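Going from the sequence shown to my numbering is simple: count from 1 and add 311.
Take a look at the structure set out below.
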Amino acid sequence: MKSFAPDHLKQIKDRVCAHFEKIYPKKDCSVLTQKALEIFKQDISCSDDVSDDTLKWSQKDIILITYGNTLIDKDAPPLKTLHHFLNVYLKELISIVHILPFFPYSSDEGFAVMDYYRVNPSLGDWEDIQAIAEDFRLMSDLVINHTSSRSTWFENFKKGRHPGRDYYVTVDPLSDLSQVIRPRTSPLLREVKTPEGSRHVWCTFSHDQVDLNFKNPDVLIEFLHIVKFYLEKGVQVFRLDAVAFLWKELCTTCLHLDQTHEIIKLLRTLVETVNPQTLLITETNVPSEENISYLGKGDEAHIIYNFPLPPLLLNTMITGDSQALVQWMTSVPHLLPGTSCLNFIASHDGIGLRPVEGFLSQAETDRLVGCMKSFGAKISTRALNEQQSNPYEINISLWDAFKGTIESQPDQWQLERFVCAHAVMLCLQGIPAFYIHSLLGTPNDYERMENLQNNRAINRHIWEAQKLYRNLEEKDSHHYKVFAALRWLIDLRKQQSAFHPQSGQSIIPVDSRMVVIYRTAQSLPEKTEEAILCVYNITQKPVSCEVGAFSPTGFSGGLDLMSKKKIKIDDKLELLPYSFLWIKGRNLTVN
């Protein structure tokens, strides 16, 4: 075991014990603290130095989101095929690879985990995972809210055995569950036969995904062992799946409860004692203010998903009206030290609609949903109560989502609209993440959706690797055009210190046909003068503008990184449909 400065070890113990006391005030928290520290004792950092927050991430960090089997090749396991693709096509482009659940599972394409300690043999093995972790920072899901009904724990629950007998939430079916918020329309409770008689287990998502009982501290200790195991296998970034639902209390919403937040804080304390560069990302697809709460006071999640961005940016691009997007962007509070946000437009899930609450009216949301349905989308719903449900998620590939506008329907601007949307994402404060099918311009996969009877499968295509490679080399292919355009933008972004996740950001309301964002690097430790004014036409018609009309004080123009032309403050410009400028200059107000 490593040697510690006594004060340093005491500080760690005190912090861990304080977390446990808030989670389990009636338990012996000194015992729980000892158990937790025993798990991590061989790897706890001897240093009590706090790393510079700006070193946790930089403008060079780009996340790729992918399933382990998105690419298949008859001559190699999928994880090896993925690794080959990453090294050939993305080696110098991305830094973090999020491989969606790669464990044995029974449903929900990985999110009903049967065994947390094994790699799904149909994908490969731990050696394949660790090989990817050697070349990229590895991001893994910690599916913490529930397990598969076919997991060993749940099988033990049904048989009254340990471990598992008291690992799951059980509820009297006559209990008042009317306040519970959940994203599904299936019945919340599932009846199960046990040696103690019939019991009803809690299933937030499906009857194959049974919610764990974190009121039992043994469950939390089990997950600390899992976290330690993943760290040993090379995981550096943890995505806490569905974590908002973690703690249950009857007669509440069972969403965002205090104990849930404290468990995340405990996890952060422990992983940072092992490696200060380890990151926690909370996956909470909820309205903006609720989502932001998971940053705590800079002591909870390191990163939150910017869930309002996908639906609001999509709405902006298909309506040609940026008002709702600008309203949201200007409402987001300044990021706390040690925190950031993950900016994305698409993921393995659909485009969530709860985050638009307060920014789009019901009529505007209905209009967005109607337009997406005309482009081939399926709509998933959630239960409001036993009688009512509401649209919860748009299921569509991002490429097809941008094929037209509300007015024109499909038009000739699909590629330009698609690239412009990603250019907005890339300039925003935070860390950009690309779902692999967006990077590749993959269209809707109706066949897979029908085969799996799952709306989300429409955007979970499985590529035959050689076919994909041919498409990426064929210059007339839209896959080639999308990939080339996004690669170029990503590479350009990575070279600009003003795009550092901690750099300053101002949203400039100008014209509903435009989005204008100003990024400055003066908030970085080196306080450079670099500044970039990002200007977007989000319509299918030209827009005339004068740079001086929206340039911030202290900015006098510069070089447009797109066209390589000098832009002066008094220049009058005409932006073509879905065109944009990244004007790199200096912020002369830097002290």
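The beta carbon of each residue, even a glycine, is placed where N, CA and C say it ideally should be.
Here the structure is a predicted model, which means the values were calculated and not measured.
Using only alpha-carbon positions, find the residue among the options that is nearest to residue i.
i: Tyr-427; options: Ala-442, His-409, Val-454; result: Val-454
i: Trp-893; options: Gly-545, Arg-798, Lys-684, Met-873; result: Met-873
i: Pro-474; options: Val-530, Leu-542, Thr-481; result: Val-530
i: Gln-322; options: Pro-336, Leu-348, Asp-339; result: Leu-348
i: Phe-686; options: Glu-704, Ile-717, Asn-701; result: Ile-717
i: Gln-588; options: Ile-880, Gln-547, Lys-559; result: Gln-547
i: Thr-676; options: Thr-630, Pro-648, Leu-320, Val-643; result: Thr-630
i: Ile-742; options: Phe-534, Lys-385, Ser-814; result: Ser-814
i: Leu-624; options: Val-667, Leu-844, Cys-652, Asp-419; result: Val-667
i: Asp-881; options: Ala-860, Phe-891, Thr-900; result: Ala-860
i: Arg-448; options: Phe-549, Ser-417, Ile-350, Gln-353; result: Phe-549
i: Leu-844; options: Leu-835, Phe-891, Leu-800; result: Phe-891
i: Met-825; options: Lys-385, Ile-662, Trp-799, Pro-853; result: Pro-853
My assumption, with CB atoms under 8 Å, is that residue i sits in contact with residue j. Please give the rounded CB distance.
i: Leu-404; j: Asp-802; result: 7 Å
i: His-518; j: Ser-497; result: 7 Å
i: Asn-596; j: Arg-495; result: That belief does not hold up - the Cβ atoms of Asn-596 and Arg-495 are roughly 12 Å apart, past 8 Å.
i: Leu-737; j: Arg-830; result: That pair is no contact at about 11 Å.
i: Asn-524; j: Val-480; result: 5 Å
i: Asn-706; j: Asn-617; result: Asn-706 to Asn-617, Cβ: 20 Å. No contact.
i: Ile-614; j: Thr-650; result: 7 Å
i: Leu-671; j: Ala-635; result: 6 Å
i: Ile-575; j: Leu-591; result: 7 Å
i: Thr-505; j: Lys-469; result: 6 Å
i: Phe-866; j: Ala-832; result: Wrong, their Cβ atoms sit about 13 Å apart, outside the cutoff.
i: Thr-979; j: Ile-818; result: The shown model of the chain, from 312 to 902, leaves out residue 979, and the question about it has no answer.
i: Ser-460; j: Val-399; result: That belief does not hold up - the Cβ atoms of Ser-460 and Val-399 are roughly 40 Å apart, past 8 Å.
i: Ser-633; j: Ser-823; result: 6 Å
i: Leu-542; j: Val-585; result: 6 Å
i: Lys-879; j: Gly-868; result: 5 Å
If I measure Cβ to Cβ from residue i and keep anything under 8 Å in the same chain, skipping five residues before and after, which residues do I get?
i: Trp-774; result: Thr-381, Leu-382, Ile-383, Leu-751, Thr-753
i: Ile-376; result: His-409, Leu-411, Phe-655, Ser-658, His-659, Ala-744, Phe-745, Tyr-746, Ile-747
i: Ser-509; result: Glu-502, Val-503
i: His-572; result: Ser-604, Tyr-605, Gly-607, Glu-611
i: Asp-439; result: Pro-388, Leu-390, Lys-391, His-394, Val-430
Between which residues of its own chain and residue i is the CB-CB distance below 7 Å, once the five residues before and five after are set aside?
i: Glu-727; result: Pro-888, Tyr-889
i: Trp-724; result: Gln-851, Pro-888, Tyr-889
i: Ser-708; result: His-748, Thr-753, Pro-754, Asn-755, Ile-769, Asn-770
i: Glu-332; result: Cys-340
i: Ala-555; result: Leu-566, His-567, Thr-571, Thr-595, Val-597
i: Leu-557; result: Ile-455, Asn-456, Phe-525, Thr-571, Ile-574
i: Thr-900; result: Thr-864, Gly-865
i: Pro-702; result: Leu-664, Val-680, Ile-690, Thr-692
For residue i, which residues from the same chain have a beta carbon less than 6 Å from its beta carbon, with the 5 sequence-adjacent residues on both sides left out?
i: Ala-553; result: Asn-456
i: Leu-679; result: Asn-626
i: Val-883; result: The sequence shown places Lys at residue 883, rather than the Val named in the question. So the qualifying residues of the chain are Glu-857.
i: Asp-477; result: Asn-527
i: Met-760; result: Ala-768, Ile-769
i: Gln-806; result: none
i: Ser-462; result: Met-425
i: Lys-346; result: Ile-532
i: Gln-816; result: Gln-740, Arg-830
i: Ala-444; result: Gly-545
i: Val-361; result: In this prediction, Val-361 scores a pLDDT of 46, lower than 50, which makes its location untrustworthy; no coordinate-derived value is stated.
i: Glu-507; result: none
If you count every other CB in all the chains shown that lies within 10 Å of the CB of residue i, and 16 or more means buried, which is it?
i: Tyr-757; result: exposed
i: Cys-562; result: exposed
i: Pro-415; result: buried
i: Ala-795; result: exposed
i: Asn-898; result: buried
i: Gly-421; result: buried
i: Pro-619; result: buried
i: Val-491; result: buried
i: Trp-464; result: buried
i: Arg-781; result: exposed
i: Asn-602; result: buried
i: Ser-433; result: exposed
i: His-645; result: exposed
i: Ser-451; result: buried
i: Pro-622; result: buried
i: Lys-367; result: buried
i: Gly-435; result: buried
i: Val-342; result: exposed
i: Glu-885; result: exposed
i: Arg-472; result: exposed
So, do the region 705 to 715 and the region 729 to 737 have three or more beta carbon pairs nearer to each other than 8 Å?
-> With the cut-off at 8 Å, the region 705 to 715 and the region 729 to 737 touch.
Would you call the region 524 to 544 and the region 562 to 581 touching, i.e. three or more CB-CB distances under 8 Å?
-> Flag = yes, the region 524 to 544 and the region 562 to 581 touch.
Counting Cβ pairs, one atom from each stretch, are 3 or more of them under 8 Å apart for the region 785 to 795 and the region 808 to 825?
-> Touching, no.
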